[in-house]
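Residue numbering for the sequence shown follows the numbering used here, starting at 5 and increasing by one per position.
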Amino acid sequence: MRPARIVAFSGNVRRPSRTRTLVEAVAAELGRRRPIDLKVYDLAEIGTGLGATTRQALPLPIAHMIEAIEGSDGLIVGSPVHNGSYSGLFKHVIDFLDPATLAGKPVALTATGGGPRHALMVEHQLRPLFGFFTAHVAPTAVYAGEAEIENGVVADARVAERVAAAASELGHLLDVAEAARRGGGGRAVAGL
């Protein structure tokens with residue numbers, strides 16, 4: 005079996021980025037559990053030129069990222085909380101995706117914010133967004149506030165537990181998706 009093609013996408017435009025740290029933590033945990041072919045993208049790298057209004061007008065680095073997301077076996081996405089939701093540029097990237105490529109795709113959700121009051125953004129904003137596309141979203145989402153990531157590392161034990169749970173669930177969803185592809189079962193989902 006080939007390694008799962010995983011794209012980790014951080015919707016943050018700054019460095020250092022707690023959001024990138026979080027998506028990379030989920031990816032690293034998934035990589036400890038199974039072989040993966042990982043590509044990590046963030047808006048800090050590809051944000052310039054994202055003002056295009058059509059997919060054909062996208063600069064090549066952004067177009068390649070969109071193609072990688074669409075061709076991946078699974079996604080790990082994260083956004084900083086901005087005014088109670090995901091960042092506008094994060095959503096702009098998602099808007100360029102062919103919705104059919106997200107249908108049935110395993111996805112793990114992460115977000116970072118200034119404190120506990122932002123934690124529900126994942127459930128109220130990100131989960132419905134990927135639910136609209138009929139992606140198969142891991143049950144455990146991961147949120148980290150300012151104090152829970154220090155020096156580029158997840159420093160909070162509870163957040164680390166959620167990282168491990170999200171990675172495990174994403175692994176199970178990848179197995180289900182692979183079995184459905186091999187068996188011609190389409191988008192059928194078995195329980196986690």
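Here a beta-carbon is modelled for each residue, glycine too, at the ideal position from N, C-alpha and C.
query: Do the CB positions of residue 147 and residue 164 come within less than 8 Å of each other?
result: The Cβ atoms of residue 147 and residue 164 do not sit closer than 8 Å to each other.
- request: Alpha carbon to alpha carbon, how far is residue 7 from residue 261? Give it in angstroms, no decimals.
  value: Any question about residue 261 goes unanswered here, given that the chain covers just 5 to 196.
message: Please return the same chain residues whose Cβ sits closer than 8 Å to the Cβ of residue 135, not counting the five positions on each side in sequence.
response: Excluding residues within five positions, the ones whose Cβ falls inside 8 Å are 141.
field: Three-way DSSP call (helix, strand, coil) for residue 172 in this model
entry: Residue 172 carries a helical assignment under DSSP once its states are collapsed to helix, strand and coil.
Residues that residue 45 bridges to, as DSSP identifies them: Paired residues: 13.
- prompt: Taking the continuous alpha helix (DSSP H) assigned at residue 97, which residues delimit it?
  reply: Counting along the chain, the alpha helix (DSSP H) containing residue 97 begins and ends at 92-100.
- prompt: Among residues of its own chain, excluding the 5 on either side of residue 186, which ones have a beta-carbon nearer than 6 Å to its beta-carbon?
  reply: Excluding residues within five positions, none has a Cβ falling inside 6 Å.
- prompt: Taking the beta strand (DSSP E) that residue 84 falls in, what are its first and last residues?
  reply: Here the beta strand (DSSP E) through residue 84 covers 78-84.
field: Endpoints, the alpha helix (DSSP H) within which residue 67 is located
entry: Per DSSP, residue 67 is one residue of the alpha helix (DSSP H) stretching across 64-75.
field: residue 80 vs residue 105 beta-carbon contact at 8 Å
entry: Against a cut-off of 8 Å, the Cβ pair of residue 105 and residue 80 comes out as no contact.
field: Through-space distance from residue 16 to residue 2, alpha-carbon basis
entry: Since the first residue shown for the chain is 5 and the last is 196, residue 2 is missing from the structure and cannot be characterised.
DSSP state of residue 1 mapped onto helix, strand, coil: Absent from the model: residue 1. The displayed extent of the chain is 5 to 196, so no value can be given.
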